[in-house]
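In structure tokens, the structure reads:
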């Protein structure tokens, strides 16, 4: 089987973000430069107990190739069942285990970054994914610890489970999204293992991506929150450009709007309001634009407003 994921150049990856990286958003960043897209985090429980909403979250756009589905879970048998369900779904190239989510409801359930506080448990769950996964790739997304930083210990356990590569968010669970990102920890993890390591955390623009890649020697960058409202960041990374034209921005926004309507139906216009709040940041008249947008639910009117404003 030929390798779909090529590490000969630094890989540009869209991070999974709950509530944002749905199929329309992923299809847009894919079109404009992301090498790899990953689903929103899927609960193993929800998948096994046949949640319709969860099945819809797994659907992918035709241009998402390669495509990885991320799952969370803390019970080996449930994780195994979730993996076996995914094995039967066409078009998925890999399964990623979330070992990094700091959200209280995920953490308190024993999933996400909770696994970093019990490396035996992490090993058990990740080995289960690896053992039952029939897709081409098994991967993991981690942080560098719960409260204490133990990056190298985590990296070695993850590698020993047989994963193909890992993504590292350079903060502890306690650091949430506010503490400074520890690029030294990512660098140490990269030096400690022989599998590819992807750097994640506060990579907001082309300059920062270059600097992080050079400093950590990582095999790629994963971008999440910085892509919300600026999905053209992947276009910048891909083409090595600092600035992006207003025409290109408008093209991306309209493409995203159409994709949202296509996937979510008429309700998509209302869903798109929060995205327009992000897109309009920094523009003159953004506050008035947001006020009006908040009252618009008719797709054609919204589309006209987007064309006029941007």
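Residue numbers (the UniProt record's numbering): 1 to 310. Glycine is no exception: its CB is placed at the ideal position from the N, C-alpha and C atoms.
- Rounded to whole angstroms, the Cβ separation of residue 138 and residue 163 is 5 Å, and the two are in contact under 8 Å.
- By the Cβ neighbour-count rule, residue 291 is exposed, with fewer than 16 other Cβ atoms within 10 Å of its own.
- The count of Cβ pairs closer than 8 Å, one atom from the segment 99-114 and one from the segment 170-185, reaches three, so the stretches are in contact.
- In this structure, residue 72 sits near residue 44, with a CB-CB distance shorter than 8 Å.
- Residue 134 holds the alpha-carbon nearest to the alpha-carbon of residue 90 among 265, 134 and 296.
- Taking residue 31 as reference, the option from 232, 309 and 273 with the minimal CA-CA separation is 232.
- Across the structure, residue 150 and residue 260 are spaced so that their CA atoms are roughly 40 Å apart.
- Taking C-beta atoms under 8 Å as the contact rule, residue 173 and residue 107 qualify, at a distance of about 7 Å.
- Look at the beta carbons and you see the segment 263-275 not touching the segment 239-250: under three pairs across the two are nearer than 8 Å.
- Cβ atoms of residue 70 and residue 16 come within 8 Å of each other, at about 5 Å.
- Residue 220 is a Cβ neighbour of residue 13, given a cutoff of 8 Å.
- Taking the Cα positions, residue 301 is about 10 Å away from residue 307.
- For residue 236, the enclosing alpha helix (DSSP H) has its first and last residue at 233-239.
- In the three-state DSSP reduction, residue 249 falls in the helix class (H, G or I).
- Remark: C-beta atoms of residue 249 and residue 310 approach each other more closely than 8 Å.
- Spatial neighbours of residue 28 in its own chain (CB-CB distance under 8 Å, excluding positions within 5 residues in sequence) are listed in chain order as 231, 252, 255, 256 and 259.
- Within the segment 141-175, the complete beta strand (DSSP E) segments at least 3 residues long are 165-169, listed from N- to C-terminus.
- With fewer than 16 other Cβ atoms from the protein chains shown falling within 10 Å of its own Cβ, residue 120 counts as exposed.
- Taking 8 Å as the cut-off, the beta carbon of residue 93 is found closer than this to the beta carbon of residue 136.
- If you draw a 10 Å sphere on the C-beta of residue 84, you find fewer than 16 other C-beta atoms in it, and that means exposed.
- Rounded to whole angstroms, residue 147 and residue 205 show a C-alpha spacing of 28 Å.
- Residue pairing by DSSP places residue 71 opposite 42 and 97 in a beta bridge.
- Non-local beta-carbon contacts of residue 181 in its own chain, meaning distances under 7 Å to residues more than five positions away in sequence, involve 170, 171, 201 and 202 in chain order.
- Closest in alpha carbon position to residue 142, among 298, 155 and 22, is 155.
- For residue 33, same chain residues with a beta-carbon under 7 Å away, outside a window of 5 residues either side, are 12, 234, 235, 237 and 238 in chain order.
- When secondary structure is reduced to three states using DSSP, residue 21 falls in the coil class, being assigned neither helix nor strand.
- By the C-beta density criterion, residue 22 is buried, having at least 16 other C-beta atoms within 10 angstroms.
- CA-to-CA, the gap between residue 295 and residue 5 works out to about 43 Å.
- Around residue 117, the same chain offers 146 as residues with beta carbons nearer than 7 Å, after the five sequence neighbours per side are excluded.
- Put simply, the backbone Cα of residue 283 is about 22 Å away from that of residue 299.
- Proximity to residue 196 across 7, 57 and 207 peaks at 7, based on C-alpha coordinates.
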